[in-house]
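Data block below; observations after.
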Amino acid sequence: MMNRIFLIMLIIGVPLSVIGGLLHFPTILMFIIYCLTIVALASFMGRATESLTLVVGPRVGGLLNATFGNAVELIISIFSLKAGLIGVVLASLTGSVIGNLLLVGGLSFFIGGLKFKVQKFNVFDARHNSGLLMFAIIVAFVIPEMFSQNLTETKTMTLSVGIAIILILLYIAALLFKLVTHRGVYTKDADENVVTEEPEWSKGKAILILALATLVVAYISEKLVHTFETVGEQMGWTELFIGVIIVAIVGNAAEHASAVLMAFKNKMDVAVEIAVGSTLQVAMFVAPLLVLISLFFSQSMPLVFTVPEIIAMVTAVLLNIVISNDGESNWFEGATLVAAYLIMGIGFYLL
Amino acid sequence: MMNRIFLIMLIIGVPLSVIGGLLHFPTILMFIIYCLTIVALASFMGRATESLTLVVGPRVGGLLNATFGNAVELIISIFSLKAGLIGVVLASLTGSVIGNLLLVGGLSFFIGGLKFKVQKFNVFDARHNSGLLMFAIIVAFVIPEMFSQNLTETKTMTLSVGIAIILILLYIAALLFKLVTHRGVYTKDADENVVTEEPEWSKGKAILILALATLVVAYISEKLVHTFETVGEQMGWTELFIGVIIVAIVGNAAEHASAVLMAFKNKMDVAVEIAVGSTLQVAMFVAPLLVLISLFFSQSMPLVFTVPEIIAMVTAVLLNIVISNDGESNWFEGATLVAAYLIMGIGFYLL
Amino acid sequence: MMNRIFLIMLIIGVPLSVIGGLLHFPTILMFIIYCLTIVALASFMGRATESLTLVVGPRVGGLLNATFGNAVELIISIFSLKAGLIGVVLASLTGSVIGNLLLVGGLSFFIGGLKFKVQKFNVFDARHNSGLLMFAIIVAFVIPEMFSQNLTETKTMTLSVGIAIILILLYIAALLFKLVTHRGVYTKDADENVVTEEPEWSKGKAILILALATLVVAYISEKLVHTFETVGEQMGWTELFIGVIIVAIVGNAAEHASAVLMAFKNKMDVAVEIAVGSTLQVAMFVAPLLVLISLFFSQSMPLVFTVPEIIAMVTAVLLNIVISNDGESNWFEGATLVAAYLIMGIGFYLL
Numbered sequence: 569m570m571n572r573i574f575l576i577m578l579i580i581g582v583p584l585s586v587i588g589g590l591l592h593f594p595t596i597l598m599f600i601i602y603c604l605t606i607v608a609l610a611s612f613m614g615r616a617t618e619s620l621t622l623v624v625g626p627r628v629g630g631l632l633n634a635t636f637g638n639a640v641e642l643i644i645s646i647f648s649l650k651a652g653l654i655g656v657v658l659a660s661l662t663g664s665v666i667g668n669l670l671l672v673g674g675l676s677f678f679i680g681g682l683k684f685k686v687q688k689f690n691v692f693d694a695r696h697n698s699g700l701l702m703f704a705i706i707v708a709f710v711i712p713e714m715f716s717q718n719l720t721e722t723k724t725m726t727l728s729v730g731i732a733i734i735l736i737l738l739y740i741a742a743l744l745f746k747l748v749t750h751r752g753v754y755t756k757d758a759d760e761n762v763v764t765e766e767p768e769w770s771k772g773k774a775i776l777i778l779a780l781a782t783l784v785v786a787y788i789s790e791k792l793v794h795t796f797e798t799v800g801e802q803m804g805w806t807e808l809f810i811g812v813i814i815v816a817i818v819g820n821a822a823e824h825a826s827a828v829l830m831a832f833k834n835k836m837d838v839a840v841e842i843a844v845g846s847t848l849q850v851a852m853f854v855a856p857l858l859v860l861i862s863l864f865f866s867q868s869m870p871l872v873f874t875v876p877e878i879i880a881m882v883t884a885v886l887l888n889i890v891i892s893n894d895g896e897s898n899w900f901e902g903a904t905l906v907a908a909y910l911i912m913g914i915g916f917y918l919l
Numbered sequence: 569m570m571n572r573i574f575l576i577m578l579i580i581g582v583p584l585s586v587i588g589g590l591l592h593f594p595t596i597l598m599f600i601i602y603c604l605t606i607v608a609l610a611s612f613m614g615r616a617t618e619s620l621t622l623v624v625g626p627r628v629g630g631l632l633n634a635t636f637g638n639a640v641e642l643i644i645s646i647f648s649l650k651a652g653l654i655g656v657v658l659a660s661l662t663g664s665v666i667g668n669l670l671l672v673g674g675l676s677f678f679i680g681g682l683k684f685k686v687q688k689f690n691v692f693d694a695r696h697n698s699g700l701l702m703f704a705i706i707v708a709f710v711i712p713e714m715f716s717q718n719l720t721e722t723k724t725m726t727l728s729v730g731i732a733i734i735l736i737l738l739y740i741a742a743l744l745f746k747l748v749t750h751r752g753v754y755t756k757d758a759d760e761n762v763v764t765e766e767p768e769w770s771k772g773k774a775i776l777i778l779a780l781a782t783l784v785v786a787y788i789s790e791k792l793v794h795t796f797e798t799v800g801e802q803m804g805w806t807e808l809f810i811g812v813i814i815v816a817i818v819g820n821a822a823e824h825a826s827a828v829l830m831a832f833k834n835k836m837d838v839a840v841e842i843a844v845g846s847t848l849q850v851a852m853f854v855a856p857l858l859v860l861i862s863l864f865f866s867q868s869m870p871l872v873f874t875v876p877e878i879i880a881m882v883t884a885v886l887l888n889i890v891i892s893n894d895g896e897s898n899w900f901e902g903a904t905l906v907a908a909y910l911i912m913g914i915g916f917y918l919l
Numbered sequence: 569m570m571n572r573i574f575l576i577m578l579i580i581g582v583p584l585s586v587i588g589g590l591l592h593f594p595t596i597l598m599f600i601i602y603c604l605t606i607v608a609l610a611s612f613m614g615r616a617t618e619s620l621t622l623v624v625g626p627r628v629g630g631l632l633n634a635t636f637g638n639a640v641e642l643i644i645s646i647f648s649l650k651a652g653l654i655g656v657v658l659a660s661l662t663g664s665v666i667g668n669l670l671l672v673g674g675l676s677f678f679i680g681g682l683k684f685k686v687q688k689f690n691v692f693d694a695r696h697n698s699g700l701l702m703f704a705i706i707v708a709f710v711i712p713e714m715f716s717q718n719l720t721e722t723k724t725m726t727l728s729v730g731i732a733i734i735l736i737l738l739y740i741a742a743l744l745f746k747l748v749t750h751r752g753v754y755t756k757d758a759d760e761n762v763v764t765e766e767p768e769w770s771k772g773k774a775i776l777i778l779a780l781a782t783l784v785v786a787y788i789s790e791k792l793v794h795t796f797e798t799v800g801e802q803m804g805w806t807e808l809f810i811g812v813i814i815v816a817i818v819g820n821a822a823e824h825a826s827a828v829l830m831a832f833k834n835k836m837d838v839a840v841e842i843a844v845g846s847t848l849q850v851a852m853f854v855a856p857l858l859v860l861i862s863l864f865f866s867q868s869m870p871l872v873f874t875v876p877e878i879i880a881m882v883t884a885v886l887l888n889i890v891i892s893n894d895g896e897s898n899w900f901e902g903a904t905l906v907a908a909y910l911i912m913g914i915g916f917y918l919l
């Protein structure tokens, strides 16, 4: 059902994106069309990645997921970097982190909790994720934030590049840990479950769809980025609000939907993996990669967020850790996470 | 025994409060009389609420407790707001939070721990409370603190009102969770214990005492508030110290006593509930309610604490969570909490 | 094997330290000689303390360890205080905290984890330590940091002295808790293990070695302190980097080695005790003692770290708590801790 809606959105959205651009439709209309089309494309990329994952086996599949899972966000960010919109990129990274931890995680817990009194998920994974969230957000993002106040711009950039390399290396180590050295150590029946699933598309079809969708996302992303300024002016939104709330929701909408669906089916391990795993991917792979990529552009991007951004991420991480560390969830825990997201949303709207 | 002392304090205190005011006794003397009388009145209100709770059953009773539990503090704060003493109100909210978490919690653990080697309490409740503490203090109080630095006064007030509404809604949701949807899910024999207790007073008597005591508290609170300035000058105390330490201890003294008593009887669930439950009530109900009430006064109160206040609350929450998250306590954990309170007390005294 | 290396280092290092000073060897060469000799001496002091511990029984032994465990660091710091290098002292305290928590703890987890898939340690001790880390770093160090911004210098010093006294009292209480009131409550076979070990040296020999080594460390420390300025200039290192990274590694090198060795032998309880126990000793005993000692010098030292120092310590504590709170470790958790140390190291180098 949901897949059909996305298909229709795609069939209408892609041509409209091209035509609208040529005929100079109003910017706000185009902004909405671009956003919806990207949401639909992201869902196709997600399904293609999932099919490939099943075909190639869990190890290479895990690697694939870890690389392509946030491809849409990466592409939008690269075009934003190219356009010199460093503030938007950092804001959308922030938005991904708090959106995944609080909104996706919260809605999953809430909606799953309306059906089931108590839902359980793997407590070892939860703790492993907690450690990485602490490392990535509280250490690797906070240190440059606070140190940069006493550093020159060049030194801040050196620090950022150093941290980016360490983050990516640890991200690779985490994959090694999860897929090779400690695969199955903390789970019981993971492998069996995986085997029984059938891929939706064949290997060739999946690769083709992934490649095509990526190209189209790139094309539309570039156009989307250039609407930000006008939309911000006309709607009274700041760059920060567009980045933290709008771009982050567009870039992650497909994931949001599937996490909530999984929670509703009581597959909490998958739901949590989407919410927290995606956060970790953004923080430990997408963000540092963008720092390194930015070195090739005219304006390089230090790993230095604004104070409101860093506070939002740090508090989101602490709240998420305390709530999910026991491997259980209920509707109220979900409501708490969503309430935290609302507070931050109001804050960024007013800034 | 303790009840008799409070009765004597009342019989002497109330007339003295009136007479002293008419005869213009020295301000410091009156300050002391007002404080002691309020402590005695608060104890009567506590007993009346408890009696009512037993009469009306656990659901309505929980609601009653959740509303009247910090009535004294609410009344003092409203009169402070009316007198334009916004700094004192925020300081006394801070004082309630750190006082309940560190002093009440710490003394309960310490004194209970002198008698029992290891005391246990419900680990699910502890985790539930940890999540709410994180939400209320680390998210809902820290966000306006940090965001307001880049906001106009009007926008800060808008953010404060938004957060206040969200806090109260989540507080109501928490009651719904605890009293309706998940009642008894995480406990074994709670209901049985409750049933066996006899209310101290009949329904009518309890309501009468509650109403009378509330009126008298209101009368004395107004007088108390107007002594702050003189007392501060004469004792060399700042507004901050009066709010954080003095008002908070006066407003919570009766609760302090009963929590420690419960710990001494090894009823740790009740002791923890008083300490942490009361904190949550202040943070999620009293504080936001005061923000909303302040809209009707000449000076409205934003939910923006001073930096020392927010640091004290955040560190108190983190320490309390780490110490109580395992559902066990001993005298040393209590000593640690009290030591943290002493450090903060010295800090606020010197400020 | 390792002991023989330290012996050779000692036999060469001590005479060279004296001769080099008289013949005015290049400062950097002398800096290296001093550092290596102190590392060797520290190892002898460690072995002497350990022998004494076994002779005098666990209670007095625990007390001995708690007092002499960081003697080298204390001595270097006292000479630094005497030379007015308050910044270096605070930096080396910071370095001890993050070095022990992240580098020692991390290497132990990592190297132990290469040999064993999952290593376990006492979860009660881990939680006990977490509470104390929270108290010492997050409460006792952060409060003066934030409050001092609104305090005069005299009041900051008053607050520092008050906190120092509370820290030492709670440290003594912790020893009382561990060695007297709750000895063996949370462990099963601790006593039996202890009984079977043979002391390396007799009581008399151990005391002699301890006394001699302490004297020589004092002699060399004073010379070492006076090389900092020149070394900093010639190597392009800041006072902060010398204190946080170099002095801290020199002062703790012997402990580092033995913690990693213990982890490799799967004695994780001992490894964790060295890493975290040593941190607590620095934070709750060495640091406050230095504050009190500094009152007798011309320049007294407040307990106020720089912002980067406090941020490094706070994030190190939070990361360590989240990672070690479950009483289990693996190579990846070790890698995460070491990665955090690297990030901080780069940061302090650039400052």
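Residue numbers (the working numbering), protein chains in the order written: chain A, 569 to 919; chain B, 569 to 919; chain C, 569 to 919.
Note that CB positions come from ideal geometry on N, CA and C, so glycine has one too.
Fair warning: this is a prediction, and the values are worked out from it, not measured in the lab.
Residues of chain A whose Cβ lies closer than 9 Å to the Cβ of B/ASN718 are, in chain order, THR874, VAL875, PRO876 and LEU919. Of all residues in the region 686 to 700 of chain C, only VAL686 come within less than 9 Å of chain A when Cβ atoms are compared, listed by chain position.
The beta carbon of C/ILE911 falls within 8 Å of a beta carbon belonging to chain A, placing the residue at that interface.
Cβ proximity to chain C below 8 Å picks out nothing from the region 795 to 811 of chain A. When only Cα atoms are considered, C/LEU727 and A/PHE678 end up about 46 Å apart. With its beta carbon less than 8 Å from one in chain B, A/ALA903 belongs to the interface. Contact note: A/ILE879 reaches chain B through VAL710, ILE711, GLU713, MET714 and PHE715, using a C-beta cutoff of 9 Å and chain order.
With a threshold of 8 Å between beta carbons, C/LEU829 makes no contact with chain B. For the pair of segments examined, the region 864 to 884 of chain A was found not to touch the region 799 to 806 of chain A: the number of CB pairs separated by less than 8 Å stays below three.
Only residues of its own chain outside the window of five on either side were considered, and among them PHE678, GLY681 and LEU682 have a CB closer than 6 Å to the CB of B/TRP899, listed in chain order. Cβ-Cβ distances below 8 Å link C/GLN687 to PHE677, GLY680, GLY681, ALA831, ASN834, MET836, GLU896, SER897 and ASN898 in the same chain, with the five nearest sequence neighbours on each side left out; the list follows chain order.
Residues of chain B with a Cβ closer than 8 Å to the Cβ of A/GLY819 do not exist; the shortest Cβ-Cβ separation is about 23 Å. In this structure, the alpha-carbon of A/LYS685 lies about 42 Å from that of B/LEU780. At a cut-off of 8 Å between beta-carbon atoms, A/ALA741 makes contact with chain C. Taking 7 Å as the upper bound on Cβ-Cβ separation, chain B lies near residues THR883, LEU886, LEU887, VAL890 and ILE891 of the region 881 to 892 of chain A.
Pairwise C-beta distances place the region 851 to 859 of chain C out of contact with the region 688 to 701 of chain A, as fewer than three of them are shorter than 8 Å. Under the three-pair Cβ rule at 8 Å, the region 598 to 609 of chain A counts as touching the region 777 to 795 of chain A. Under the Cβ distance rule, C/ASP837 does not count among the residues neighbouring chain A, no pair being separated by less than 8 Å.
With a beta-carbon spacing of about 6 Å, A/LEU919 and A/THR806 fall inside the 8 Å limit used to define contacts. Contacts with chain A at 8 Å (Cβ-Cβ) do not include C/ALA822. C/ILE654 and C/PHE809 have their alpha carbons spaced roughly 14 Å apart. Here C/ALA843 is near C/ALA827, since their CB atoms are less than 8 Å apart. The Cβ neighbour count for C/LEU575, taken over all protein chains shown within 10 Å, is under 16; the residue is labelled exposed.
When the five nearest sequence neighbours on each side are left out, the beta carbons in the same chain lying within less than 6 Å of the beta carbon of B/ALA839 are those of SER676, ALA827, MET830 and ALA831, in order along the chain. In the pairwise beta carbon analysis, the region 872 to 890 of chain C is classified as touching the region 710 to 729 of chain A: at least three pairs are separated by under 8 Å. The C-alpha of B/GLY674 lies about 21 Å from the C-alpha of B/MET570. In the same chain as A/MET912, and ignoring 5 residues on each side of it, the C-beta atoms closer than 7 Å to its own belong to ILE666 and ALA880, in chain order. Residue-level contact by beta carbon fails for B/ILE600 and chain C, as no gap is shorter than 8 Å. Each residue's CA atom was taken as its position, placing A/GLY811 and A/THR724 some 23 Å apart. The closest CA to that of C/PHE647, considering only C/ASN697, C/ILE600 and C/VAL815, is found on C/VAL815. In the three-state scheme derived from DSSP, where H, G and I count as helix and E and B as strand, A/LYS791 is classed as helix. In the assembly as shown, A/LYS771 is an exposed residue. Its beta-carbon has fewer than 16 other beta-carbons within 10 Å.
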